[in-house]
Amino acid sequence: MKFGTKLIHSGFEGDKATGAISTPIYQTSTFHQENIDGHVTYDYARSGNPTREALENTIALLEGGYKGFAFSSGMAAISSVLSIFSAHDHIIVPKDVYGGTYRITTQFFSRFEVECEFVDTTDINEVQRAIKKNTKAIYIETPSNPLMKITDIRAIVELAREYKLLVIADNTFMSPYLQRPLELGADIVVHSATKFLNGHSDIVAGLVVAKNKELADKIYFVQNAFGAVLSPQDSWLLLRGMKTLKVRLNYQQNNATELAKWLLLNKFVDRVHYPGMPSHEGREIHLSQASGAGAVLSFEACSTEKAKSFMKKVKCAAVGVSLGGVETIVSYPAKMSHAEIPHNERIKLGIGDNLIRVSVGLEDIEDLIENFKIALE
Ligand SMILES: *Cc1c(COP(=O)(O)O)cnc(C)c1O
Numbered sequence: 000m001k002f003g004t005k006l007i008h009s010g011f012e013g014d015k016a017t018g019a020i021s022t023p024i025y026q027t028s029t030f031h032q033e034n035i036d037g038h039v040t041y042d043y044a045r046s047g048n049p050t051r052e053a054l055e056n057t058i059a060l061l062e063g064g065y066k067g068f069a070f071s072s073g074m075a076a077i078s079s080v081l082s083i084f085s086a087h088d089h090i091i092v093p094k095d096v097y098g099g100t101y102r103i104t105t106q107f108f109s110r111f112e113v114e115c116e117f118v119d120t121t122d123i124n125e126v127q128r129a130i131k132k133n134t135k136a137i138y139i140e141t142p143s144n145p146l147m148k149i150t151d152i153r154a155i156v157e158l159a160r161e162y163k164l165l166v167i168a169d170n171t172f173m174s175p176y177l178q179r180p181l182e183l184g185a186d187i188v189v190h191s192a193t194k195f196l197n198g199h200s201d202i203v204a205g206l207v208v209a210k211n212k213e214l215a216d217k218i219y220f221v222q223n224a225f226g227a228v229l230s231p232q233d234s235w236l237l238l239r240g241m242k243t244l245k246v247r248l249n250y251q252q253n254n255a256t257e258l259a260k261w262l263l264l265n266k267f268v269d270r271v272h273y274p275g276m277p278s279h280e281g282r283e284i285h286l287s288q289a290s291g292a293g294a295v296l297s298f299e300a301c302s303t304e305k306a307k308s309f310m311k312k313v314k315c316a317a318v319g320v321s322l323g324g325v326e327t328i329v330s331y332p333a334k335m336s337h338a339e340i341p342h343n344e345r346i347k348l349g350i351g352d353n354l355i356r357v358s359v360g361l362e363d364i365e366d367l368i369e370n371f372k373i374a375l376e
C-alpha cells in the first residue's frame, strides 16, 4: 500500500460484530475475563484498549516501525520515552528543542540525574564532540522550531551507530507523510499528535513508534506503569483526523509555498524561514530526507513595531500557540513559546522580537495573502 491508502485502510478492518466501518469507541475501563488463567487480550484499559490499539497500529504502519503507543499528550509521549533511561545516562539534545522538552529535561529528569546536554544538532562535529562514555542517545527535531533549522538525520544515525547510541526523532513538524525517520535509521519516533496528525485543533495527544521489539517492550512497560495513556474518545478523534493527513498537508504545503514566496517580496518583511525556499540553509539535506517542506514557516518583519501591529491586525488566522490545524495559526515566539528564555539568549538563538511563526491552514490562499497584506501595511 502507498501512504494515502495506508491512511484509510490500516489499523482496523471493520467491526466483526456489526460491520461498522468506523472503529468503535470502546469506552470501558475493564474487560470481562472468560478464563482466569491470565491469558486474555484485554484486561484493564490502561494496559490496552481496542480503540487505542487501532490508533497505535496505524501510527506504527505509517512510520514503518514495530509498534506504536498512544499517550495523553506529546509531552507525555516524550516523557515516557525519556523514562526508559536511568540515572547518569547522558542524552544529547538540540539547543533549540521544543520548549516543553527543554523544561522536562532541565527541571524534571535532571532531578533523577538523567544528564541532558544541549548542542547545535545541525553541526555534526558539535554532536560528536558532545559524546561521552555514558552517552546513550541523540535526540533530534528537524525542521526545528521556529527557525526551521535542518538536522541531517542520516549523518546523526551514522554517528549514533558508530558509538552504539539510540536516535530519537521528534517528527511533529513533518508527520510520517513527509518524513519517516525510522526508515532513515532512527530508533524511536515521537509525535505531538495534537498538531498535524490530528489536524483539527481539538485534542491534545502524543504518539511514539519503536523500531524493534526490545525498545517496544521498554516503552510498553513505561506506558503501562506510568499510565499517561490516551482516552478511547481522543484515540477515535485522532484516527478520524489522520485519515485526511495527506490531503490536508498537500493543500497546506501549497498554501505555505505561495505565502512564503509572497512574504519574500513584501517590503515590510526582512527574512523568510521555510525549507521550501531555495535560499533556506539545509534545504538540500531536508529534501534528501523528507518529501516536502511542510506547512510551518516563520518570517522576520522589518521592525518589532511592525511585527506587533501585524499580530494585532491579522485576520483569517488564529493568534496563539500550537500548529498543524486546519486554520492558519500565527504566533509570536518572543512573547509566547520562547518567552521564558532570557532576552539576550533568545536573540543569540535568532529568535528576535520581529519574528512571527505561521502554521498555514486550509483557507483559500488569496484570502490569506490579502489579509496578511492589510495586516502588514
Ligand atoms: C507541541 C509540540 C510538542 C508537545 O506536544 P503536546 O501535545 O503539546 O504535549 C512536542 N514537540 C513539538 C515539536 C511540538 O510542536
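Counted from 1, the sequence shown has number 39 at position 40 by numbering that gives the first Met the number 0; the numbering is strictly sequential. Just so it is clear, CB atoms sit at the ideal spot from N, CA and C, and this is done for glycine as well.
Taken atom to atom, the span from the alpha-carbon of Asn-170 to that of Pro-142 is near 9 Å. When C-alpha distances from Glu-304 are compared across Val-268, Gly-324, Val-320, the shortest belongs to Val-268. Only residues of its own chain outside the window of five on either side were considered, and among them Asn-353 have a CB closer than 7 Å to the CB of Ser-302, listed in chain order.
Here the alpha carbon of Ala-374 sits roughly 5 Å from the alpha carbon of Val-313. Using a 10 angstroms sphere on the CB of Lys-210, the tally of other CB atoms reaches 16 or more, which defines it as buried. Beta-bridge pairing by DSSP links Cys-115 to Ile-90. Ligand 1 never approaches Asn-197 closely enough for any of its heavy atoms to be under 7 Å from the residue's Cβ.
Secondary structure note for Tyr-138: its beta strand (DSSP E) is the uninterrupted segment 134-140. The closest heavy atom of ligand 1 lies 7 Å or more from the beta carbon of Ser-79. Runs of the alpha helix (DSSP H) lying entirely within the segment 256-335 and spanning at least 4 residues, in chain order: 282-288, 303-312. A check of alpha carbon separations from Phe-309 across Val-96, Ala-129, Val-357 identifies Val-357 as the nearest.
Per DSSP, Gly-205 is one residue of the beta strand (DSSP E) stretching across 205-209.
Following the DSSP letters along the chain, one finds Ser-174 inside the alpha helix (DSSP H) bounded by residues 174-177. In the structure shown, His-38 falls within a coil segment according to DSSP collapsed to helix, strand and coil. With fewer than three CB-CB distances shorter than 8 Å, the segment 160-167 does not count as touching the segment 102-114. Of the heavy atoms belonging to ligand 1, none sits nearer than 7 Å to the Cβ of Met-241.
Between the C-alpha atoms of Ala-224 and Gln-26 there is a straight-line separation of about 21 Å. Residue state for Leu-237 is assigned as helix, using DSSP reduced to three classes. When secondary structure is reduced to three states using DSSP, Tyr-43 falls in the strand class.
Each of Ile-218, Asn-56, Met-173, Asn-133 was checked against the Cα of Leu-81, and the nearest Cα belongs to Ile-218. Distances from the CB of Thr-134 to the heavy atoms of ligand 1 are all 7 Å or more. In terms of CA proximity to Glu-339, Gly-98 leads the group Gly-98, Asn-48, Phe-2, Val-320. The beta carbon of Val-203 sits closer than 6 Å to those of Ser-72, Thr-193, all from its chain and outside the five residues before and after it, given in chain order. Burial state of Ser-9 is buried, judged by a 10 Å Cβ sphere holding 16 or more other Cβ atoms. DSSP lists no beta-bridge partner residue for Ala-59. Rounded to whole angstroms, the Cβ separation of Leu-296 and Met-147 is 7 Å, and the two are in contact under 8 Å.
Taking 7 Å as the cut-off, one finds at least one heavy atom of ligand 1 near enough to the beta carbon of Val-203. If the five residues before and after Thr-22 are omitted, its C-beta is found closer than 7 Å to the C-beta atoms of Phe-11, Thr-50, Ala-53, Trp-235, Leu-238, all from its own chain and listed in chain order. Straight across, the Cα-Cα distance linking Asn-124 with Leu-286 is about 21 Å. A residue is called buried when at least 16 other Cβ atoms come within 10 angstroms of its Cβ; Thr-100 meets this threshold and is buried.
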